Amino acid sequence: MNRDAVVPIHKMICELESQGVVSKTHSPFNSPIWPVRKSDREWRLIVDNRGLNEVTPPLSAALLDMLELQYDLESKAAKWYATIDIANAFFSIPLATECRPQFAFTWRDVQYTWKRLPQGWKHSPIICHGLIQAVLENGEAPEQLQYIDDIIVWGNTAMEVFEKGEKIIQILLEAGFAIKKSKVKGPA
Numbered sequence: 001m002n003r004d005a006v007v008p009i010h011k012m013i014c015e016l017e018s019q020g021v022v023s024k025t026h027s028p029f030n031s032p033i034w035p036v037r038k039s040d041r042e043w044r045l046i047v048d049n050r051g052l053n054e055v056t057p058p059l060s061a062a063l064l065d066m067l068e069l070q071y072d073l074e075s076k077a078a079k080w081y082a083t084i085d086i087a088n089a090f091f092s093i094p095l096a097t098e099c100r101p102q103f104a105f106t107w108r109d110v111q112y113t114w115k116r117l118p119q120g121w122k123h124s125p126i127i128c129h130g131l132i133q134a135v136l137e138n139g140e141a142p143e144q145l146q147y148i149d150d151i152i153v154w155g156n157t158a159m160e161v162f163e164k165g166e167k168i169i170q171i172l173l174e175a176g177f178a179i180k181k182s183k184v185k186g187p188a
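Residue numbers (UniProt numbering): 1 to 188.
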């Protein structure tokens, strides 16, 4: 492991534990961790779930193809757009208690497991997408396009897009998701 990663990853795990995202555990399962440096020079905790992913049965649900989304968006022919990014969306979704032992990893001789939907598991994007989609549908959100935790709204005026975005953000906040204001772009 890269020595530069030790202190930041330790702080990250302590923070995730204090937030209830991970907890200490004893499990017969264990996946290695690989810290990865992001483009902003910060570190990301990556648990290598390849072994778990290999034995996880497939889901029949599928995500929309990015090209389909692009065609869908182009067909709107709107003048204004805005994007909304849900902050740490996976970590907003509880992981079933009976599944947690399978997601164990070890850091500094202490075994932890995820209490929230982990990054790196093959079904996390599909589960996240489906839950957010259901929240938006149940909240009667205005027309939008969604891909996992990214949402785009459009309209013919900046005010129309702003109002649609505000309605969607309100629905998401009421459902327990967090929005990072710096990642909301537009209307533009």
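The beta-carbon is built from N, C-alpha and C at its ideal position, and this holds for glycine as well. Here the structure is a predicted model, which means the values were calculated and not measured.
Give me the Cα-Cα distance between ILE93 and ARG116, rounded to the nearest whole angstrom. Within the sequence shown, the letter at position 93 stands for residue 93. Within the sequence shown, the letter at position 116 stands for residue 116. Going from the Cα of ILE93 to the Cα of ARG116 covers about 5 angstroms.
Rounding to the nearest angstrom, what Cα-Cα distance links TYR112 and LYS185 in this structure? Counting from one through the sequence shown, the residue named residue 112 turns up at place 112. Counting from one through the sequence shown, the residue named residue 185 turns up at place 185. In this model, TYR112 and LYS185 are separated by some 36 angstroms (Cα to Cα).
Notebook entry, point to check: Going by Cα to Cα distance, which pick from TRP154, ARG3, PRO32, ASN138 is closest to VAL110?
Noted result: Position 110 of the sequence shown, counted from the first residue, corresponds to residue 110. VAL110 has its Cα closest to that of PRO32, out of TRP154, ARG3, PRO32, ASN138.
- Message: If distances are taken between C-alpha atoms only, which option among MET66, THR106, LEU73, PHE29 comes closest to HIS10?
- Response: Within the sequence shown, residue 10 is the residue found at index 10, counting from 1. The candidate whose alpha carbon is nearest that of HIS10 is THR106.
- Just the Cα atoms here: how many angstroms apart are ASN49 and HIS123? Here residue 49 refers to the residue found at position 49 of the sequence shown. Here residue 123 refers to the residue found at position 123 of the sequence shown. So the alpha carbons of these two residues sit roughly 11 angstroms apart.
### From ALA5, ALA82, GLU160, ALA104, residue whose alpha carbon lies closest to that of LEU52
If you number the sequence shown from 1, residue 52 lands on position 52. Looking at the Cα atoms, ALA104 is the closest of the given residues.
TODO: Look up ASP4 in the DSSP assignment and say whether it is helix, strand or coil.
DONE: As a position in the sequence shown, residue 4 is number 4, starting the count at 1. ASP4 carries a helical assignment under DSSP once its states are collapsed to helix, strand and coil.
**Message:** At 4 residues or longer, what runs of the alpha helix (DSSP H) sit wholly inside the segment 69-126?
**Reply:** Segments of the alpha helix (DSSP H) lying fully in the segment 69-126: there are none.
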